[in-house]
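**Q** Before I ask anything, let me first share the structure, which is written out below as structure tokens.
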Amino acid sequence: MDTSIEKVQEDNLDLSIINKAGQILRDGGLVAFPTETVYGLGGDALNPESSYKIYAAKGRPSDNPLIVHICRFEDIYEITESVSDDVKRLADIFWPGPLTMILKKSDKVPKQTTGGLDTVAVRMPSDKIALAMIEAAGGYVAAPSANTSGRPSPTTAEYVIQDMNGKIEMILDGGAVGIGLESTIVDMTSDTPMILRPGYITQQMLEDVLCKVDMDPTMFDIKADQAPKAPGMKYRHYAPKGSLTIIEGKDIPVIEYINQRSAEALRENKRVGIIAKDNSACKYTSGTVKNIGENADSIAHNLYRILREFDDEEVDVIFSESFENDGIGKAIMNRLLKAAGHQIIHV
Ligand code: TXA
Ligand code: MG
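Residues 7 to 353 (our numbering) make up the sequence shown, in order.
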């Protein structure tokens with residue numbers, strides 16, 4: 007299949023391109039598009055055939071449900087059974103934006119879209135290209151991240167092209183995304199709302215609105231024998247090709263440890279990559295050092311790009327510093343730990 011790649015500007019939307027994308031989606035085809043979190047791989051959420059195509063293009067297990075993206079709050083009533091005051095409150099404050107809410111689904115949403123579940127994940131993204139495309143598509147776009155299953159989510163159109171060229175009808179190139187990590191997912195079907203995947207909207211921000219919000223206890227503890235509540239969280243996502251180890255501790259011992267391990271690996275003729283904060287990047291003596299920035303926003307923004315670059319550079323061994331596990335840092339460490347298959351060393 008020929009994939010048409012179209013450049014679009016968020017502040018100067020070319021409606022003829024957006025309408026073409028909308029038509030492809032209405033006809034059951036697939037379009038990758040930017041959102042403020044990561045690029046999505048969109049299909050008509052109400053068409054079961056489109057969901058099959060999404061799973062096939064990603065190589066994703068079909069028990070892993072898709073997020074339905076909307077562009078107007080009132081459309082939520084079509085695809086869900088009931089909308090509580092808490093849901094309205096969260097939508098009022100955080101939509102459009104990087105928050106996904108799990109609700110009981112209505113009969114309109116096919117089970118193929120929800121991986122067989124009777125709940126549906128709903129999100130209204132803030133990216134203007136995404137909003138216009140969803141409207142042109144008829145209002146309901148199912149979209150997982152636009153990566154091949156198991157690779158880091160794409161943060162630029164180039165990464166979408168690497169994974170999806172030839173497999174889908176169109177890619178909308180809106181440049182690099184802002185946030186760089188996927189949306190926060192909160193399950194609104196339980197008595198106390200529960201975060202199933204941490205993201206840019208933190209537990210504290212949600213609790214400022216709802217009083218109490220829990221975290222899925224399986225998220226950070228892989229020894230827990232319960233399965234995570236978001237089916238996708240059980241897969242080893244975001245895995246780089248090289249073996250990744252996180253080193254946690256005070257700055258100086260971490261730097262010394264990584265320098266020693268990378269020198270050993272280089273002696274074994276391995277290619278070594280190091281993920282370091284801005285302040286320590288210059289203190290590493292060997293290997294390819296990638297500066298991930300200093301504050302949480304820049305670390306979130308750069309993480310997936312760096313993991314993909316190490317793949318492209320065929321790095322065998324990656325050492326990463328550990329980052330603050332607080333606020334948006336919870337989302338960063340959740341993704342980094344998954345990428346490392348939970349290999350973490352304390353020094
Ligand atoms: O930021 C994002 O959320 C991006 C952009 C494109 O919007 N999308 C995204 O989708 O990250 P995806 O498919 O890569 O991740 C969706 C996650 C999966 O872990 C899936 O299992 C979970 O959401 N999920 C979807 N529907 C669910 C449901 N009904 N109940 C529990 N978990 C659900
Ligand atoms: Mg994904």
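Think of the CB as a built atom: it goes at the ideal place given N, C-alpha and C, for glycine as much as any other residue.
1) Run the CB neighbour count on P67, radius 10 Å, all protein chains shown included, and call it buried at 16 or more, exposed below.
2) Using C-beta distances below 6 Å, list every residue in its chain close to S328, excluding the 5 sequence neighbours before and after it, in chain order.
3) Does the Cβ of A230 have 16 or more other Cβ atoms within 10 Å, making it buried, or fewer, making it exposed?
4) Should T106 be labelled buried (16 or more other beta-carbon atoms within 10 Å of its own) or exposed?
5) Would you kindly check if the distance between the Cβ of S286 and the Cβ of V278 is under 7 Å?
6) I want to see whether chain B comes within less than 7 Å of I298, judged by CB atoms only; does it?
7) Hey, how far is the Cα of P40 from the Cα of R273?
8) Could you tell me which residues DSSP puts in a beta bridge with Q15?
9) Ignoring anything shorter than 3 residues or poking outside the stretch 220 to 306, list the beta strand (DSSP E) runs there in chain order.
10) Could you give the distance in angstroms between the alpha-carbon of G34 and the alpha-carbon of A182?
11) Just to confirm, does P54 get its C-beta within under 6 Å of one of the non-hydrogen atoms of the ligand MG?
12) Where do the ends of the alpha helix (DSSP H) carrying S326 lie?
13) Out of I82, L47, A127, E141, state which residue places its alpha-carbon closest to the alpha-carbon of I167.
14) Does DSSP put G103 in a helix, in a strand, or in coil?
15) Can you tell me the Cα-Cα spacing of D8 and M170, whole angstroms?
16) Starting from D50, trace the alpha helix (DSSP H) both ways and give me its first and last residue.
17) Which partner residues of T86 appear in the DSSP bridge assignment?
18) Would you check if the distance between the CB atom of V323 and the CB atom of G248 is smaller than 7 Å?
19) Going by other Cβ atoms of all chains shown within 10 Å of its Cβ, with 16 needed for buried, is Y45 buried or exposed?
20) Determine the direct distance from the alpha carbon of V215 to that of V353, and round the result to whole angstroms.
21) Classify Y206: buried if its beta carbon has 16 or more other beta carbons within 10 angstroms, exposed otherwise.
22) Over what stretch of residues does the beta strand (DSSP E) that includes V37 continue unbroken?
23) Taking the alpha carbon of S292 as the point to measure from, which residue in P234, N275, K111, F79 has its own alpha carbon closest?
24) Should P150 be counted as a contact of the ligand MG given a C-beta to heavy atom distance under 6 Å?
25) Any heavy atom of the ligand MG within a distance shorter than 6 Å of the CB on S159?
**A** So, from the listed chains and residues:
1) Residue mapping note: residue 67 aligns to position 61 of the sequence shown, counting from 1. Exposed.
2) Along the sequence shown, one-based indexing puts residue 328 at 322. Answer for S328: I252, E254, listed in chain order.
3) Mapped onto the sequence shown, residue 230 falls at position 224. Residue placement at A230 is poorly supported in this model, since its pLDDT is 49, which falls under 50; the coordinates still yield a value, given next. Under this definition A230 is an exposed residue.
4) Counted from its first residue, the sequence shown places residue 106 at position 100. With 16 or more Cβ atoms within 10 Å of its Cβ, T106 is classed as buried.
5) By one-based count along the sequence shown, residue 278 stands at place 272. By one-based count along the sequence shown, residue 286 stands at place 280. In this structure, S286 does not lie closer than 7 Å to V278 by Cβ.
6) Judged by its chain identifiers, the structure shown contains no chain B, having just a single protein chain.
7) As a working note, residue 40 is residue 34 in the sequence shown. As a working note, residue 273 is residue 267 in the sequence shown. The straight-line gap from Cα to Cα measures roughly 42 Å.
8) In the sequence shown, residue 15 corresponds to position 9, counting from 1. DSSP lists N18 as partners of Q15.
9) Restricting attention to beta strand (DSSP E) runs no shorter than 3 residues, the stretch 220 to 306 encloses them at 249 to 254, 278 to 282, 294 to 297, ordered along the chain.
10) Working through the sequence shown from its first residue, we reach residue 34 at position 28. Working through the sequence shown from its first residue, we reach residue 182 at position 176. Going by the C-alpha atoms only, they are around 27 Å apart.
11) Position 48 of the sequence shown holds residue 54. Result no, Cβ not under 6 Å from the ligand MG.
12) Against the sequence shown, residue 326 aligns to sequence position 320. Taken as a continuous stretch (DSSP letters only), S326 belongs to no alpha helix (DSSP H), being part of the beta strand (DSSP E) at 323 to 327.
13) For the purposes of this step, residue 167 is identified with residue 161 of the sequence shown, where counting begins at 1. The shortest Cα separation from I167 among I82, L47, A127, E141 belongs to L47.
14) By 1-based counting over the sequence shown, the position of residue 103 is 97. Coil at G103, not helix or strand.
15) As a position in the sequence shown, residue 8 is number 2, starting the count at 1. As a position in the sequence shown, residue 170 is number 164, starting the count at 1. If I take the Cα positions, the gap works out to 11 Å.
16) Residue numbering aside, residue 50 sits at position 44 when the sequence shown is read from its first letter. From DSSP, D50 is part of no alpha helix (DSSP H) but of the beta strand (DSSP E) over 46 to 50.
17) Along the sequence shown, read from residue 1 onward, the residue named residue 86 stands at position 80. DSSP lists K111 as partners of T86.
18) In the sequence shown, the residue the question calls residue 323 occupies position 317. In the sequence shown, the residue the question calls residue 248 occupies position 242. Yes, they are a contact pair.
19) For this step, residue 45 is matched to residue 39 along the sequence shown. It is buried - the Cβ of Y45 has at least 16 other Cβ atoms within 10 Å.
20) One-based indexing of the sequence shown puts residue 353 at position 347. One-based indexing of the sequence shown puts residue 215 at position 209. V353 and V215 have their C-alpha atoms spaced approximately 39 Å apart.
21) In the sequence shown, residue 206 corresponds to position 200, counting from 1. The residue is buried, with at least 16 neighbouring Cβ atoms inside 10 Å.
22) As a working mapping, residue 37 is identified with position 31 in the sequence shown. Its beta strand (DSSP E) spans residues 37 to 39.
23) What you label residue 292 is simply residue 286 of the sequence shown in a count that begins at 1. Ranking the options by Cα distance to S292, first place goes to N275.
24) Counting from 1 along the sequence shown, the entry for residue 150 is found at position 144. Result yes, Cβ under 6 Å from the ligand MG.
25) Indexing the sequence shown from 1 puts residue 159 at position 153. Taking 6 Å as the cut-off, the C-beta of S159 counts as close to a heavy atom of the ligand MG.
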